[in-house]
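Heads up: the sequence shown begins at 15 in this note's numbering, then just goes up one per residue.
Heads up, the thing below is written out as structure tokens.
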Amino acid sequence: MCRAAIIAALYVVLTYLSDIFGLASGAIQLRLSEALCVLPYFSFIAVPGLTIGCLISNILFGVSFYDVIFGTLATAIGAVVSYYIRKYKYVVPLPTVVANAIIVPLVLRISGMSGDGFIYLMLTVGAGELLACCALGIPLMLVLEKYRSRIFDDNIIK
């Protein structure tokens, strides 16, 4: 559980960095923390870590109650599906992209955070997710793969 807490803390810190630049929420967003959504490739422990990190981030930096609930749900769905398709390494980031590109625009519309059209919001949120999860996440995954046994081996502590 310690690793899940570390992942959650990293998610919050990276979301805070995104928030400094006004990119943590809204129609156009690029959460640096979403790069961590490749971590289920290595271990299931990343699923609760990402979910809790997203929940805390949405409480701190989200704009609406709907964002806290459904934005967190989008990350949880993406993380779980990513874990189950982990044997397809380069596809691992896509469930998070798809879940957020569908759910977050609904949140933005329902909460009144954006009057833009649903398709436009899907494209803008999806583009930010693609950048974070794929352009940042895949290189992160490739680097972490070299240290997989040191970081994610569940048999380290006996």
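Glycine included, every Cβ here is placed at the ideal spot set by N, Cα and C.
Under a 10 Å Cβ-count criterion, arginine 162 is classified as exposed, with fewer than 16 other Cβ atoms of the shown protein chains found around its own Cβ. Rounded to whole angstroms, cysteine 148 and leucine 74 show a C-alpha spacing of 25 Å. Secondary structure at methionine 15: coil, using DSSP grouped into helix, strand and coil.
Leucine 28 and glutamate 48 have their C-alpha atoms some 9 Å from each other. For phenylalanine 132, the enclosing alpha helix (DSSP H) has its first and last residue at 132-143. Contact between leucine 44 and leucine 24 is absent: CB atoms are separated by about 16 Å, not below the 8 Å threshold. For phenylalanine 84, the three-state secondary structure derived from DSSP is helix. Taking C-alpha positions only, proline 54 is separated from leucine 37 by approximately 24 Å. If only complete runs of 4 or more residues are kept, the region 53-78 shows the alpha helix (DSSP H) at 60-75, in order along the chain.
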